[in-house]
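**Student:**
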Amino acid sequence: MKYVFYVLGILILTLGISFTIQSDLGTSPFDALLVGLSINAGLTVGSWEIIIALILICFNSFLKRQRPEVLGLLTAFITGIGIDMWLFLLHKLITPELWYSKVICFGIGLVVIGLGTAIYLHTNFAPIPVDRLTLIIQELTKTNIFFSRTVIYLAFLIMAMISNGPIGVGTLLTVCLGGLILNYFMPFTEKVLDRILTNPSTSPNYDKDKKHSI
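Sequential numbering of the sequence shown, starting at 71, is according to our numbering.
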């Protein structure tokens, strides 16, 4: 059941990313870097997700002084496929042109990103390397998700500017609100998912069956 939520969280996350890209108001610094690299160097946005993930896995390994988390590549691979799939579907369905429709599209994307990230992170199975970096910085600095996420966003913002990625007002909003939204969803998803994942072992029927077998 945990792995179902793992995949579901990634699909929700990538849907949110695609919404922000389609809004044309600017994406998160990390996604802006991916789009900038895709435009200037070729390959799809999802392909660059996987390439950057490999680099971050090595960097995270250096920070933690432990063996590289190769499973992170699996998450990055699924994420890359998810982004390309959603972009392909949304390109034909959602192309906001008016400013308020772009704002709505971006707002939906930002919230969905936070929800999806919180869901799959709670499964504690092979986080995307950039999210693992968020957790590592949180641990090393002894702060919260909001602070570590903001620091990472600022670093990727500089790289996105260098690669001429889609930076706009949405990028600024993501830097300011992305960590806050994730920090809000983390305890919420923890409570809900823990209840769902532990439900089979705490249900009345389960207890009756257990007593009967004894």
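All residues carry an ideal CB built from backbone N, CA and C; glycine is no exception.
Can you name, in chain order, every residue of its own chain whose Cβ lies under 7 angstroms from the Cβ of Val105, other than the five neighbours on each side?
**Tutor:** So the qualifying residues of the chain are Ile91, Thr97, Val115, Gly235 and Pro236.
**Student:** Less than 6 angstroms between C-beta atoms, sequence neighbours within five positions excluded: which residues of the same chain meet that for Phe226?
**Tutor:** Hits under 6 angstroms: Pro99, Phe100 and Leu103.
**Student:** Is the beta carbon of Ile120 less than 8 angstroms from the beta carbon of Gly150?
**Tutor:** It is a contact, given that the beta carbons lie within the stated cut-off.
**Student:** Could you compute how far the alpha carbon of Leu180 sits from the alpha carbon of Leu85?
**Tutor:** The straight-line gap from Cα to Cα measures roughly 10 angstroms.
**Student:** Please report the straight-line C-alpha distance between Thr145 and Ile80, rounded to a whole angstrom.
**Tutor:** C-alpha separation (whole angstroms): 8 angstroms.
**Student:** Residues in the same chain with beta-carbon distance under 7 angstroms from Trp156, minus the five sequence neighbours each way, listed in chain order, please.
**Tutor:** Only Thr84, Leu85 and Ser88 meet the Cβ criterion.
**Student:** Spatial neighbours of Ala123 within its chain, please: C-beta separation below 7 angstroms, excluding the five flanking residues on both sides.
**Tutor:** Closer than 7 angstroms at the Cβ level, and outside the excluded window around Ala123, lie Gly142, Leu143, Ala146, Ile198 and Pro199.
**Student:** Nearest CA to the CA of Val74: which residue from Arg135, Cys128, Leu191 and Ile153?
**Tutor:** Checked all of Arg135, Cys128, Leu191 and Ile153; the closest Cα to Val74 is Leu191.
**Student:** Along the chain, where does the alpha helix (DSSP H) that runs through Glu209 open and close?
**Tutor:** Start and end: Pro199 to Thr211.
**Student:** For Trp169, count neighbouring Cβ atoms within 10 angstroms of its own Cβ and tell me buried if that reaches 16, exposed if not.
**Tutor:** Trp169 is exposed by the Cβ-count criterion.
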